[in-house]
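Step one of this worksheet: look at the structure below.
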Amino acid sequence: MIAFTLRYPAVPDDAEIGSVEMLARGHDARVTWRRNDAAPTYALVEGADSGLLDRLRERSAAAVWDFPIIALAVFPGRPEALSPLRDALGGAGRPAGVVGCEPLGDGVLVEWNPERSSPELVLDLIDVELARFGAGRRTELLAPLTLARWTQIAASGLRAPEIAPDRVLEALIEAAPCR
Numbered sequence: 035m036i037a038f039t040l041r042y043p044a045v046p047d048d049a050e051i052g053s054v055e056m057l058a059r060g061h062d063a064r065v066t067w068r069r070n071d072a073a074p075t076y077a078l079v080e081g082a083d084s085g086l087l088d089r090l091r092e093r094s095a096a097a098v099w100d101f102p103i104i105a106l107a108v109f110p111g112r113p114e115a116l117s118p119l120r121d122a123l124g125g126a127g128r129p130a131g132v133v134g135c136e137p138l139g140d141g142v143l144v145e146w147n148p149e150r151s152s153p154e155l156v157l158d159l160i161d162v163e164l165a166r167f168g169a170g171r172r173t174e175l176l177a178p179l180t181l182a183r184w185t186q187i188a189a190s191g192l193r194a195p196e197i198a199p200d201r202v203l204e205a206l207i208e209a210a211p212c213r
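Heads up, the working numbering is the position in the sequence shown plus 34, with the first residue counted as 1.
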């Protein structure tokens, strides 16, 4: 089973959402949506097979990555930091996993494959660029994450390696058979 991400330039209409949901159910997959009014909308498809990936590429209006991505909107605290930040995240020396970097209002939208560039690497790069200007940041997560990615980020950030998907109460309750 695989997981992958769909990206829509805007919030898709109900017919598109229904079509994706129906295709996913037919392949025993689950879709988690993150609707964003001022940014692209993302869907994480989990438990799928390559047949669903191919069908969505054929039928959906979305861009389809064959892996789950992380998408962040980053808003620097100082406007003069924006251009160097875009260059660092989208230029020739960007991290290998970055698959997209574009302006988003007074911020930047960065999308990356966390298997190729860790969240720590990308966030550290952002912070190094912003530090040159004495700027903080506001970030907004735009794409849904897999449970494995959530727990990996939490375990790393909290320095608590015991945090793992098989220890998340909500996931255990969801997986438990109904009685």
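Cβ atoms here follow ideal geometry from the backbone N, Cα and C, with glycine treated the same way.
Source: prediction; values computed, not measured.
{"query": "For Val-202, which of helix, strand or coil comes out of DSSP?", "result": "coil"}
{"query": "Taking the alpha carbon of Asp-200 as the reference point, which residue from Ala-194, Ala-188, Ala-182 has its own alpha carbon closest?", "result": "Ala-182"}
{"query": "With a threshold of 6 Å on Cβ separation, who are the neighbours of Leu-90 within its own chain once the five nearest residues in sequence on each side are excluded?", "result": "Val-98"}
{"query": "Does the Cβ of Glu-196 have 16 or more other Cβ atoms within 10 Å, making it buried, or fewer, making it exposed?", "result": "exposed"}
{"query": "Evaluate the contact criterion for the stretch 170 to 188 versus the stretch 94 to 109: three or more CB pairs, one atom per stretch, below 8 Å.", "result": "yes"}
{"query": "Please state whether the Cβ-Cβ distance between Leu-171 and Ile-160 is less than 8 Å.", "result": "The sequence given here has Arg at residue 171, not Leu. Yes, they are a contact pair."}
{"query": "So for Glu-55, helix, strand or coil by DSSP?", "result": "helix"}
{"query": "Do the stretch 80 to 96 and the stretch 112 to 124 meet, that is, are 3 or more Cβ pairs less than 8 Å apart?", "result": "no"}
{"query": "Since I believe Ala-82 is in contact with Phe-38 (beta carbons under 8 Å), could you give me their beta-carbon distance rounded to a whole number of angstroms?", "result": "7 Å"}
{"query": "What would DSSP say about Val-65, mapped onto helix, strand or coil?", "result": "strand"}
{"query": "Rounding to the nearest angstrom, what Cα-Cα distance links Trp-184 and Leu-203 in this structure?", "result": "13 Å"}
{"query": "State the Cα-Cα distance for the pair Val-133 and Arg-150, rounded to the nearest angstrom.", "result": "10 Å"}
{"query": "Could you give the DSSP three-state label for Gly-265: helix, strand or coil?", "result": "An answer regarding residue 265 cannot be provided, because it is not within the stretch 35 to 213 covered by the chain."}
{"query": "On the criterion of 16 or more Cβ atoms from any shown chain inside 10 Å, does Ala-73 qualify as buried, or is it exposed?", "result": "buried"}
{"query": "Using alpha carbons as the reference points, say which of Gly-60, Leu-123, Gly-111 lies closest to Asp-140.", "result": "Gly-111"}
{"query": "With DSSP run on the structure shown, which of helix, strand or coil describes Gly-111?", "result": "coil"}
{"query": "Which residues share a DSSP beta bridge with Gly-134?", "result": "Glu-145"}
{"query": "Below 8 Å CB to CB, which residues in the same chain sit around Ala-44 once its five sequence neighbours on both sides are set aside?", "result": "Pro-74, Thr-75"}
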